[in-house]
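Note that the protein sequences, when read in sequence, are chains A and B.
Residues in the first sequence are numbered consecutively from 72, following the working numbering.
Residues in the second sequence are numbered consecutively from 72, following the working numbering.
A short write-up of the structure that comes next.
2 protein chains.
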Amino acid sequence: MIKDYYIGVDLGGTNIKFGIVSAKGEIIHKGLLPAQTHLGRDAILGNIIKAIEQTLALAKKNKINIGGIGVGSPGTVNLLTGKIEGSCPNLPQMLNVNLKKWLSVYFDSPIYADNDANVMALAEHKFGAAKGYRDVLCLTLGTGIGGGIILNGELFHGSDYAGAELGHMTICYEGRKCNCGGIGCLEMYASAPAIVKDTKELLLSNKKSIIHRLIKGDLNLLTTEIIFKAENKGDIFATEVINQACIYLGAGIASAVNLLNPQIVVVGGGVSQGGESFIRRIEKEVKRRAFPSATKNLKVVKAKLGNDAGFIGAAMLVKNPSPQGERAG
Amino acid sequence: MIKDYYIGVDLGGTNIKFGIVSAKGEIIHKGLLPAQTHLGRDAILGNIIKAIEQTLALAKKNKINIGGIGVGSPGTVNLLTGKIEGSCPNLPQMLNVNLKKWLSVYFDSPIYADNDANVMALAEHKFGAAKGYRDVLCLTLGTGIGGGIILNGELFHGSDYAGAELGHMTICYEGRKCNCGGIGCLEMYASAPAIVKDTKELLLSNKKSIIHRLIKGDLNLLTTEIIFKAENKGDIFATEVINQACIYLGAGIASAVNLLNPQIVVVGGGVSQGGESFIRRIEKEVKRRAFPSATKNLKVVKAKLGNDAGFIGAAMLVKNPSPQGERAG
């Protein structure tokens, strides 16, 4: 039997990404299933089970010994109990589900669960853009804005596992109302839906842009991908929209940098498809705003592991269980 | 000889507070000298020397064995080198001074230095409002807004000692320009000078308030103390001003709470003279804004050690040197 392999599952708003990962971060197998979140909690949980069963069967067939299963999920994952707590604005169906207990009913392997952005940070720290750094700030820009923090080489969770919520830093004290109940949260300004919504409104006010042509006049087709595509084709309006997003992100990240003074900021998630120029503009804005002593050695880089970061990091929960979770016994 | 006593020095914009503190936090002696910051760096340093010399003489006379000297200073204090780095917006005269090296020329005792808000947090954690808590966020509301963070029972500094700058969290991405070079920093809205400035402007626009009488029509006499006094006398305008400050503070603290998920927030410094009602309003605003999972067990309390926190914490640097400083050898 081959040892030291783990199953990682990354639960997202659209898909469940999963795979078998070695202790060294090699992907032995990977798969994807729709999460079917619109069908409710039981459907989501059924799909997670299906993903794990498929993967375990494949492991058995190939004589790969699975050391455990890790799951990354939106929301605050209580490492002590395994339950998804607090508010889970981007996947409310999962609120109060005890992932750890619930999966333990179906599978004999050790089960670990953590927040989705936390496991992404873990993966980037172990095998990606933050490898070798001690203090790391990770952001995932997508449907929501997630955050993961590595301090002293370990995932940081906070006293009730609710820390690292970078998407819910206030960037405007009297700003937009957030799904989390807060006010002026970064996520309301720089997540993919927020950027798309702002862009739609500007396009409706007759802004000149090749985006109109790219979406064939149908605003429902607008995505951040199309906005970045328009910028690549030299569209000035698209650049203005993206620069504004960088201002929002710079303000939120500068706050976090002034508080945590990390060595490196890693930007991942779908929106980071904007590429190097997008990352450089975020970096510029962070350095314009944050304390010079906190930015003099700071690096701002793009995530390396792409869509695989979630399940790789989830798998690594088995290998590197948090001391806070271990307390659970 | 009596052992286990330390000298603590708290350098502020107006005064140098200092004293002899026992390992158990008892104040054996305390004193105060004007910092004379307007006379420049050499005068400030001379006054620090004077404070320490006075205290050492007194210790000698009373046969108190001094184990070392700790100094709290505004700015980013590099624990490795002892130098005040980066921007030091509220006491720029001290920028690039190497406090540790410089005091070592004059005194044989071991010398330690750290940021003033950090040592305040250390004192409140060891002997004050945060005693017994593992994860703590401290704010000092005064001329500036300082921050100190305790994580896992230890002072947190960040990778370049520049962390915990709570006064420089962005609460408004396109807001007021800050002395630190940033934009929309909390300090520009909720420090004593910011509150006084906003209040003056409102009073000039003929707002009805007993403050006009309390300051005998001379706006130069306005202080946060007078605003709180007016509120205590039932002045509605004063309450509006203070509530607005609580909104600013709530936004900044909520960001930090969503990032760090501490167990307790300790509010100290001159402005916290507002008392229990002020603290409760800040708490209410934090809980309205931050993640429910991050606030369900969160306490927001007033600092206990008042003006002594700075020199008590500075003294404790000798007893509890940071591992990050110890690397310096």
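We put the CB at the ideal spot given by N, CA and C, even for glycine.
(message) With H, G and I counted as helix, E and B as strand and the rest as coil, what does DSSP make of residue 75/B?
(response) The residue given as residue 75/B occupies position 4 in the second sequence. Strand at residue 75/B.
(message) Let's test the definition: count the other Cβ atoms within 10 Å of the Cβ of residue 258/A and tell me whether it reaches 16, buried, or not, exposed.
(response) As a working mapping, residue 258/A is identified with position 187 in the first sequence. Buried, because 16 or more other Cβ atoms sit within 10 Å of the Cβ of residue 258/A.
(message) Here's the rule I'm using: 16 or more other beta-carbon atoms within 10 Å means buried, otherwise exposed. How should residue 332/A be labelled?
(response) Looking up residue 332/A in the first sequence gives position 261. Under this definition residue 332/A is a buried residue.
(request) Please say whether residue 89/B and residue 96/B have beta carbons closer to each other than 8 angstroms? (result) Here residue 96/B refers to the residue found at position 25 of the second sequence. Here residue 89/B refers to the residue found at position 18 of the second sequence. No.
(request) Pick helix, strand or coil for residue 299/A, following the three-state DSSP scheme. (result) The count along the first sequence starts at 1 and reaches residue 299/A at position 228. Helix, per DSSP.
(request) State yes or no: is the C-beta of residue 205/A within less than 8 angstroms of the C-beta of residue 224/A? (result) As a first step, residue 205/A must be located in the first sequence, where it is residue number 134. As a first step, residue 224/A must be located in the first sequence, where it is residue number 153. If you check the CB distance, residue 205/A and residue 224/A come in under 8 angstroms.
(request) Run down chain A in chain order and give the residues with a C-beta less than 9 angstroms from the C-beta of residue 367/B. (result) In the second sequence, the residue the question calls residue 367/B occupies position 296. Chain order gives the chain A residues near residue 367/B as 156, 157, 231, 233, where near means a beta carbon separation below 9 angstroms.
(request) Below 8 angstroms on the Cβ atoms is my guess for residue 185/A versus residue 150/A; work out the distance and round it to an integer in Å. (result) Reading the first sequence from its first residue, position 114 is the one you call residue 185/A. Reading the first sequence from its first residue, position 79 is the one you call residue 150/A. With a Cβ gap of about 7 angstroms, residue 185/A and residue 150/A count as contacting.
(request) Go through the segment 217-281 of chain B residue by residue and report every complete run of the beta strand (DSSP E) that reaches 3 residues or more, in order. (result) Qualifying beta strand (DSSP E) stretches, in chain order: 225-227.
(message) Going by the DSSP bridge assignment, what does residue 185/B pair with across the sheet?
(response) Mapped onto the second sequence, residue 185/B falls at position 114. As DSSP reads the structure, residue 185/B sits in a beta bridge with 143/B.
(request) Quick one: using the 10 Å Cβ neighbour count with 16 as the cut-off for buried, is residue 326/B buried or exposed? (result) Position 255 of the second sequence, counted from the first residue, corresponds to residue 326/B. So residue 326/B ends up on the buried side.
(request) Would you grab the beta carbon distance between residue 220/A and residue 235/A for me? Rounded to a whole angstrom, and I think it's under 8 angstroms. (result) Here residue 220/A refers to the residue found at position 149 when the first sequence is read from its first residue. Here residue 235/A refers to the residue found at position 164 when the first sequence is read from its first residue. That belief holds up - the Cβ atoms of residue 220/A and residue 235/A are roughly 4 angstroms apart, short of 8 angstroms.
(request) For residue 253/A, collect the residues of the same chain with a Cβ closer than 6 angstroms to its Cβ; drop the 5 residues on either side in sequence, then sort them by chain order. (result) Reading the first sequence from its first residue, position 182 is the one you call residue 253/A. So the qualifying residues of the chain are 239.
(message) Measuring CB atoms only, is the segment 170-177 of chain A touching the segment 302-319 of chain A, in the sense that at least three cross pairs come out at less than 8 angstroms?
(response) With the cut-off at 8 angstroms, the segment 170-177 of chain A and the segment 302-319 of chain A do not touch.
(request) Would you verify that the beta carbon of residue 400/B is, or is not, closer than 8 angstroms to some beta carbon of chain A? (result) For this step, residue 400/B is matched to residue 329 along the second sequence. Low per-residue confidence applies at residue 400/B: pLDDT is 32, beneath 50, and the placement is therefore not dependable enough to give any value.
(request) Classify residue 93/A as helix, strand or coil using the three-state DSSP reduction. (result) As a first step, residue 93/A is located in the first sequence; it is residue number 22 there, counting from the start. DSSP places residue 93/A in strand when its eight states are reduced to three.
(request) May I have a chain-ordered list of the alpha helix (DSSP H) segments no shorter than 4 residues that lie completely inside the segment 322-386 of chain B? (result) Contiguous alpha helix (DSSP H) elements confined to the segment 322-386 of chain B occur at 346-360, 363-366, taking only those with 4 or more residues.
(request) Output, in chain order, the set of chain A residues within a Cβ distance shorter than 9 angstroms of residue 185/B. (result) In the second sequence, counting from the first residue as 1, residue 185/B sits at position 114. Residue 185/B does not reach chain A, its nearest Cβ partner there being about 14 angstroms away, counting only Cβ pairs nearer than 9 angstroms.
(request) Compare the C-beta of residue 313/A against all C-beta atoms of chain B and say whether one is closer than 8 angstroms. (result) The sequence position of residue 313/A within the first sequence is 242, counting from 1. The beta carbon of residue 313/A does not come within 8 angstroms of any beta carbon belonging to chain B, so the residue lies off that interface.
(request) Could you give the DSSP three-state label for residue 169/A: helix, strand or coil? (result) Taking the first sequence and counting its residues from 1, one reaches residue 169/A at position 98. Residue state, collapsed to three classes: strand.
(request) Please confirm whether residue 377/A and residue 191/A have their CB atoms less than 8 angstroms apart. (result) Here residue 377/A is taken as the residue at index 306 of the first sequence, counted from 1. Here residue 191/A is taken as the residue at index 120 of the first sequence, counted from 1. No, they are not a contact pair.
(message) Quick test of the definition: if touching needs 3 or more C-beta pairs under 8 angstroms, does the segment 267-285 of chain A touch the segment 241-250 of chain A?
(response) Counting Cβ pairs under 8 angstroms, fewer than three are found: no touch.
(request) Measuring only between beta-carbons, confirm whether residue 188/B sits less than 8 angstroms from chain A. (result) Taking the first residue of the second sequence as 1, we reach residue 188/B at position 117. Answer no: the Cβ-Cβ gap between residue 188/B and chain A never drops below 8 angstroms.
(request) For the segment 332-343 of chain B, enumerate the residues whose C-beta is nearer than 7 angstroms to any C-beta of chain A, in chain order. (result) So the list reads 332, 333, 334, given in the order they occur along the chain.
(message) What does the Cβ neighbour count give for residue 382/A, buried or exposed, with the cut at 16 atoms within 10 Å?
(response) Position 311 of the first sequence holds residue 382/A. The residue in question, residue 382/A, is buried, as its Cβ has 16 or more Cβ neighbours within 10 Å.
(request) Anything in chain A within Cβ reach of residue 326/B, meaning under 7 angstroms, just list it in chain order. (result) The residue you call residue 326/B lines up with position 255 of the second sequence. Within 7 angstroms Cβ-Cβ: 240, 241, 326.
(request) Anything in chain A within Cβ reach of residue 443/B, meaning under 7 angstroms, just list it in chain order. (result) Any question about residue 443/B goes unanswered here, given that chain B covers just 72 to 400.
(message) Buried or exposed for residue 360/B, going by 16 or more other Cβ atoms inside 10 Å?
(response) As a working note, residue 360/B is residue 289 in the second sequence. Answer is buried; the Cβ neighbour count reaches 16.
(request) State the start and end residues of the unbroken alpha helix (DSSP H) segment that holds residue 126/B. (result) Here the question's residue 126/B lines up with position 55 in the second sequence. Start and end: 112-132.
(message) Just to check my reading of the structure: residue 231/A and residue 301/B have Cβ atoms closer than 8 angstroms, yes? What is that Cβ distance to the nearest angstrom?
(response) In the first sequence, the residue the question calls residue 231/A occupies position 160. In the second sequence, the residue the question calls residue 301/B occupies position 230. Not confirmed; about 38 angstroms, so no contact.
(message) List, in chain order, every chain B residue whose beta-carbon is nearer than 8 angstroms to that of residue 206/A.
(response) Taking the first sequence and counting its residues from 1, the one referred to as residue 206/A is at position 135. Contact of residue 206/A with chain B by beta-carbon distance below 8 angstroms involves 229, 230.
(message) According to DSSP, simplified to helix, strand and coil, what is residue 320/A?
(response) For the purposes of this step, residue 320/A is identified with residue 249 of the first sequence, where counting begins at 1. The answer is helix: DSSP assigns residue 320/A an H, G or I state.
(request) Taking only beta-carbon positions, decide if residue 330/B is within less than 8 angstroms of chain A. (result) Taking the second sequence and counting its residues from 1, one reaches residue 330/B at position 259. Closer than 8 angstroms to some Cβ of chain A, the Cβ of residue 330/B qualifies, so yes.
(request) Please say whether residue 147/B and residue 138/B have beta carbons closer to each other than 8 angstroms? (result) Sequence index remark: in the second sequence, residue 138/B carries index 67 (1-based). Sequence index remark: in the second sequence, residue 147/B carries index 76 (1-based). The answer is no: Cβ separation not under 8 angstroms.
(request) Identify every residue that forms a DSSP beta bridge with residue 80/B. (result) Position 9 of the second sequence, counted from the start, is the residue given in the question as residue 80/B. Residue 80/B is bridged to 89/B, 142/B.
(request) Check whether the Cβ of residue 294/B lies closer than 8 angstroms to any Cβ atom in chain A. (result) Position 223 of the second sequence, counting from 1, holds the residue named residue 294/B. Residue 294/B does not count as touching chain A.
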